[in-house]
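Every letter in the sequence shown is one number past the one before it in the numbering used here, and letter 138, counting from 1, is 164.
Ideal Cβ positions, reconstructed from N, Cα and C, are used throughout, including at glycine.
Inspection log for the structure reproduced underneath, given as structure tokens.
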Amino acid sequence: MRNVQSIVIYTMCAALLVVSKEMLAFLPNVELVSFLLIMYALHFQLRGCLFISVLFCFLQMILYGVGTWTPVYFMVWPGLVCITKLCKKICTDEYRWAFFSGLFGLSFGFLFSIPYFMMSFETGIAYYVRGIPYDVIHGIANFMIMLILFSKVNQVLGQLSIKYKL
């Protein structure tokens, strides 16, 4: 029974990622996906978090089709989960997590420029440089979102993970 509960909760978490992303789509590079995946990784088992992140990627493919962003999504979001798990002992408060989240936002554009670097170095540079203002917005937004929402969401997810042994 607990396994079914876990699958339902993890699926709802992936759905929350999609809904939150779509609700904030009108704001360039302001999203809750990074924040929520970091929070999930702090409280849920690695396997469950990877399930959430990969399911989110598939749901995005259903919504937007396949593009150069697709393989990067499948590396970036599960990668964020794994890096968060590794940084758990280093980042011990909301300020360090805010810095971590902001740094991730700043690096997001570079990670997405990798397929363009594979096409040609010049194309990769052009893609990356063009996106720097948006990466700055992304980094600042991630930093602020983490500072504002961390304590309450941390408390709720902590209770959820204990109650359902996630």
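Item                                                                                                                       : Value
A167 to L62 span [Cα, whole Å]                                                                                             : 13 Å
Length of the line joining the Cα atoms of F134 and F169                                                                   : 13 Å
Spatially closest choice to L173 from A152, A67, E120, by CA coordinates                                                   : E120
Three-state class that DSSP yields for G91 in the structure shown                                                          : coil
Cβ-based neighbour list, S60, same chain, cut-off 7 Å, excluding 5 preceding and 5 following                               : L106, S127, F130, G131, N168
Per-residue burial, Q86 [other beta carbons within 10 Å of its own, 16 or more giving buried]                              : buried
Selection from S146, A124, T37 that minimises the alpha carbon distance to V80                                             : T37
Whether T94 touches P159 by CB criterion (8 Å)                                                                             : no
Extent of the continuous alpha helix (DSSP H) run through I188                                                             : 147–190
Beta-carbon contacts of G150 that lie in its chain and below 8 Å, excluding the five residues immediately before and after : S139, I140, Y142, F143, M144
CA nearest to the CA of E57, picked from S46, Y99, Y66                                                                     : S46
Whole beta strand (DSSP E) elements within the segment 61–112, 3-residue minimum                                           : none
Rounded straight-line distance, which links the Cα of I33 to that of T96                                                   : 24 Å
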